[in-house]
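This report concerns only the one structure given below.
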Amino acid sequence: MIYDVVTNDEGQYSTWPAERDLPEGWKQTGFRGGKEECLGHIEAEWTDLTPVSVRELLEPQTNTLGTERLVLRELTPAQVAGLLDENATSEDWIEGYPLPGSKNAATGFGRRTADQMRFGFGMYHLVRASDGLVIGEMGFHQPPNGGAVEVGFGLAESCRGAGYATEALTGLARWAFTQPGVDQVVGRTLTANTPSQGVLTRTGFRHESRDGDIERFVLRAADLAPVSEPLGLDDEGAAVIADVIDARLPGGRRHELVFAPGTDPLVRAVREDGSTLAFVQCGALKGVDDKDNHFLDIVVRPEAARRGLGSRLLAEARVFAREEGKSGLIAATADEDAISGSWVRKHGFEVIGLHGVSKRAPGAPAAEAPDHLAVQEVDRADAEAVEELVALAVATCSEVVLPGGVKLKLEPETVRHIVLGKGEGDGLLFICRQDGRPVGWLASDSVREGGVRLVDAQVLAECAGTGVLQALLAAAAGRADREGITVTSVVEEKGQPELAEALVRAGFVRESGRTIWRLTLDTAAPQA
41 MIYDVVTNDE
51 GQYSTWPAER
61 DLPEGWKQTG
71 FRGGKEECLG
81 HIEAEWTDLT
91 PVSVRELLEP
101 QTNTLGTERL
111 VLRELTPAQV
121 AGLLDENATS
131 EDWIEGYPLP
141 GSKNAATGFG
151 RRTADQMRFG
161 FGMYHLVRAS
171 DGLVIGEMGF
181 HQPPNGGAVE
191 VGFGLAESCR
201 GAGYATEALT
211 GLARWAFTQP
221 GVDQVVGRTL
231 TANTPSQGVL
241 TRTGFRHESR
251 DGDIERFVLR
261 AADLAPVSEP
271 LGLDDEGAAV
281 IADVIDARLP
291 GGRRHELVFA
301 PGTDPLVRAV
311 REDGSTLAFV
321 QCGALKGVDD
331 KDNHFLDIVV
341 RPEAARRGLG
351 SRLLAEARVF
361 AREEGKSGLI
371 AATADEDAIS
381 GSWVRKHGFE
391 VIGLHGVSKR
401 APGAPAAEAP
411 DHLAVQEVDR
421 ADAEAVEELV
431 ALAVATCSEV
441 VLPGGVKLKL
451 EPETVRHIVL
461 GKGEGDGLLF
471 ICRQDGRPVG
481 WLASDSVREG
491 GVRLVDAQVL
501 AECAGTGVLQ
511 ALLAAAAGRA
521 DREGITVTSV
531 VEEKGQPELA
541 EALVRAGFVR
551 ESGRTIWRLT
561 LDTAAPQA
């Protein structure tokens with residue numbers, strides 16, 4: 041008689057006469073032959089006689105966590121062991137998974153002793169909810185020890201840069217802090233692995249130490265805050281930035297960052313319950329030739345203070361700047377904003393420059409211009425005169441040295457825009473000549489509410505100290521007095537001592553200022 045080998049849902053095997061109908065609950069395996077042959081096949085296949093339902097009860101329980109776009113599914117020991125197979129594959133895995141580090145992670149897990157197997161503190165697959173594909177892995181090296189647990193992670197290359205790792209790590213860390221014995225989560229990366237450092241800092245980890253080429257980051261429960269997200273530089277993004285700035289410094293005037301065209305600055309915001317709590321801007325400024333530094337602006341709403349948001353955004357900026365090959369960050373704080381000044385100093389910034397804000401009221405006494413110089417007001421409608429001034433401004437701007445030794449690098453069109461604005465208006469515009477040769481210029485923005493702000497006043501380096509700036513300011517003061525205009529100026533007091541002195545002689549009175557700071561990136565971040 042011919043027999044079939046059959047099996048049921050419990051994983052049990054049996055033989056059944058081929059000509060008879062199968063009883064309910066049993067199905068063919070595809071093997072058919074004589075009875076002894078079938079029994080030999082069953083003996084080879086049915087190695088675990090325990091029913092499936094009992095086996096499932098005996099399997100270690102695993103954890104499952106959900107985030108907005110991901111499911112974190114903890115693996116059983118058997119599933120982890122399966123990653124050791126060099127030919128491991130699954131239709132549920134995205135191309136590129138397993139990762140180069142999957143085998144190492146599985147090997148480490150396999151070395152655990154029985155008492156190190158604790159629910160939830162194993163290895164997880166990161167499953168993308170939209171298509172059910174495994175796109176990476178994350179997990180703990182060991183269960184908690186001494187209040188700390190260390191985490192590791194990896195993503196398939198095609199899924200990087202979309203925020204998946206930060207989202208998953210935030211969810212896993214939040215769960216970890218609900219477990220007994222967990223006071224902090226530790227992450228370690230190679231110094232060169234700036235993408236992973238970015239994931240850690242965006243999650244809220246803080247850099248604590250360096251050992252050779254290994255960077256150590258630590259996250260505490262208090263550091264878990266809303267994750268930052270990209271913020272556009274369009275009109276909507278600009279409105280968000282302006283709103284946060286106004287909340288932080290109502291009525292205050294801040295220097296806006298204008299990034300160099302063709303660059304990809306870091307612009308991110310932290311939002312909660314529909315409100316923007318803080319933002320960071322970091323990148324290369326338009327017209328500034330600085331190979332060593334990125335410029336930084338961080339603003340936090342007063343009601344969100346003391347939550348570590350500024351420190352977290354600074355950590356993101358540090359990683360971003362280092363990834364772009366920079367060794368420093370430059371920021372500015374207003375004199376009247378003592379809180380920001382204290383914050384940047386606490387975070388390791390050092391003073392590299394001082395900007396003084398001075399104002400001249402109509403009728404203030406002003407020194408006369410030297411006799412050997414001739415100053416002429418430039419008619420903005422006179423194309424030839426305007427081009428002469430722009431050419432002079434290009435030359436003087438190229439000689440300017442900013443705090444930290446940074447030099448300006450401006451194209452003629454950029455200079456034209458800086459000096460003339462939109463080409464319209466009634467602002468101050470003067471050129472100074474010595475023996476008929478143009479040697480200095482002064483420009484302001486348009487008159488608004490009875491006042492103007494000086495764009496700049498510059499002189500050729502070879503003519504410094506000959507009274508050119510004094511002559512330009514005397515001419516500007518004359519027109520301002522005739523029309524009742526208040527003039528405001530911002531000057532780098534360390535780098536522009538001649539202009540600072542000339543402003544005083546022209547009747548300007550210092551009202552406030554701002555400090556320019558630099559943070560060196562090759563040191564660990566001080567803790568808040």
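Residue numbers (my numbering): 41 to 568. Where is the CB? At the ideal position from N, CA and C, for every residue including glycine. Here the structure is a predicted model, which is why all the values come from computation and not from measurement.
Where Asp496 sits in the DSSP three-state scheme: As a first step, residue 496 is located in the sequence shown; it is residue number 456 there, counting from the start. Residue state for Asp496 is assigned as strand, using DSSP reduced to three classes.
Separation of Val459 from Arg109, as counted between CA atoms: If you number the sequence shown from 1, residue 109 lands on position 69. If you number the sequence shown from 1, residue 459 lands on position 419. The alpha-carbon atoms of Arg109 and Val459 are separated by roughly 49 angstroms.
N- and C-terminal bounds of the alpha helix (DSSP H) containing Asn233: Residue numbering aside, residue 233 sits at position 193 when the sequence shown is read from its first letter. Here Asn233 belongs to no alpha helix (DSSP H), and DSSP marks it neither H nor E.
Whole-Å CB distance - Gly223 paired with Ala262, under 8 angstroms assumed: Position 183 of the sequence shown, counted from the first residue, corresponds to residue 223. Position 222 of the sequence shown, counted from the first residue, corresponds to residue 262. Note that residue 223 is Asp in the sequence shown, not Gly. The Cβ separation is near 11 angstroms, so there is no contact.
Inter-stretch contact (C-beta, 8 angstroms, three-pair minimum) for the region 242 to 254 and the region 333 to 346: With a cut-off of 8 angstroms on Cβ pairs, the region 242 to 254 is not in contact with the region 333 to 346, counting fewer than three such pairs.
Which listed residue (Glu451, Ala421, Val441 and Leu442) has its alpha carbon closest to that of Leu432: Position 392 of the sequence shown holds residue 432. Here the closest residue by C-alpha is Glu451.
Segments of 3+ residues assigned as beta strand (DSSP E) that fall wholly inside the region 290 to 346: 306 to 312, 315 to 323 and 333 to 340
Pick from Arg214, His412 and Ala344 that is closest to Glu312, judged by C-alpha positions: Your numbering for residue 312 matches position 272 in the sequence shown. Comparing Cα positions, the closest option is Ala344.
Helix, strand or coil at Val440 according to DSSP, with G and I counted as helix: Within the sequence shown, numbered from 1, the residue matching residue 440 stands at position 400. Correct three-state label for Val440: coil.
Nearest-angstrom Cβ-Cβ length linking Leu195 and Gly172, presumed shorter than 8 angstroms: Residue 195 sits at position 155 when you count from the first residue of the sequence shown. Residue 172 sits at position 132 when you count from the first residue of the sequence shown. At roughly 16 angstroms, the Cβ-Cβ gap does not stay under 8 angstroms, so Leu195 and Gly172 are not in contact.
Whether Leu212 touches Val239 by CB criterion (8 angstroms): As a first step, residue 212 is located in the sequence shown; it is residue number 172 there, counting from the start. As a first step, residue 239 is located in the sequence shown; it is residue number 199 there, counting from the start. Not closer than 8 angstroms, so no.
Cα-Cα separation between Ser351 and Met157, rounded to whole angstroms: Walking along the sequence shown from the start, residue 351 turns up at place 311. Walking along the sequence shown from the start, residue 157 turns up at place 117. Approximately 35 angstroms between the Cα atoms of the pair.
Identified DSSP bridge partners for Val226: The residue you call residue 226 lines up with position 186 of the sequence shown. Glu190 and Val258, per the DSSP bridge assignment.
Proximity of Val434 and Ile471 at Cβ, strictly below 8 angstroms: Mapped onto the sequence shown, residue 434 falls at position 394. Mapped onto the sequence shown, residue 471 falls at position 431. No, they are not a contact pair.
With 16 other Cβ atoms within 10 Å as the buried cut-off, status of Asn333: Residue 333 sits at position 293 when you count from the first residue of the sequence shown. Buried, since its Cβ has 16 or more Cβ neighbours within 10 Å.
CB-CB length for Gly465 against Ser486, believed under 8 angstroms: To locate residue 465, count along the sequence shown from 1; it is residue 425. To locate residue 486, count along the sequence shown from 1; it is residue 446. About 3 angstroms; that satisfies the 8 angstroms criterion.
Helix, strand or coil at Thr373 [DSSP, three-state]: Here residue 373 refers to the residue found at position 333 of the sequence shown. Here Thr373 sits in strand by DSSP.
Candidates Asp49, Leu353, Leu543 and Arg60: closest to Met41 by CA position: For the purposes of this step, residue 41 is taken as residue 1 along the sequence shown, with counting starting at 1. Measuring from the Cα of Met41, the nearest candidate turns out to be Arg60.
Any non-hydrogen atom of the ligand NAP within 7 angstroms of Thr373 CB: Of the ligands one can find in the structure shown there are none, so the ligand NAP has no counterpart to examine.
Cβ pair Thr528, Leu494 closer than 8 angstroms: If you number the sequence shown from 1, residue 528 lands on position 488. If you number the sequence shown from 1, residue 494 lands on position 454. Their beta carbons are under 8 angstroms apart, which means Thr528 touches Leu494 by this criterion.
Beta-carbon spacing of Pro402, Ala520 below 8 angstroms: Residue mapping note: residue 402 aligns to position 362 of the sequence shown, counting from 1. Residue mapping note: residue 520 aligns to position 480 of the sequence shown, counting from 1. The answer is yes: Cβ separation under 8 angstroms.
Straight-line gap, Trp215 to Ala146 (C-alpha atoms, nearest Å): If you number the sequence shown from 1, residue 215 lands on position 175. If you number the sequence shown from 1, residue 146 lands on position 106. Roughly 22 angstroms between the two C-alpha positions.
Val508, DSSP secondary structure in three states: The residue given as residue 508 occupies position 468 in the sequence shown. Helix, per DSSP.
Inter-residue spacing [alpha-carbon to alpha-carbon] between Pro178 and Thr210: Indexing the sequence shown from 1 puts residue 178 at position 138. Indexing the sequence shown from 1 puts residue 210 at position 170. In the sequence as presented, Pro is not what sits at residue 178; that position holds Met. Straight through space, the alpha carbons of Thr210 and Met178 are spaced by roughly 11 angstroms.
Contacting residues, own chain, Cβ-Cβ under 6 angstroms from Gly393 (five flanking each side not counted): The residue labelled residue 393 in the question sits at position 353 within the sequence shown. Only Pro443, Glu532, Lys534 and Ile556 meet the Cβ criterion.
Contact check, Ala511 vs Ala409, beta carbons under 8 angstroms: Indexing the sequence shown from 1 puts residue 511 at position 471. Indexing the sequence shown from 1 puts residue 409 at position 369. Closer than 8 angstroms, so yes.
Distance, Ala154 Cα to Leu98 Cα: In the sequence shown, the residue the question calls residue 98 occupies position 58. In the sequence shown, the residue the question calls residue 154 occupies position 114. Annotation note: pLDDT 46 at Leu98 (below 50); position unreliable, no value reported.
Residue range of the unbroken beta strand (DSSP E) whose run includes Gly393: Numbered from its first residue, the sequence shown carries residue 393 at position 353. That run of the beta strand (DSSP E) goes Glu390 to Arg400.
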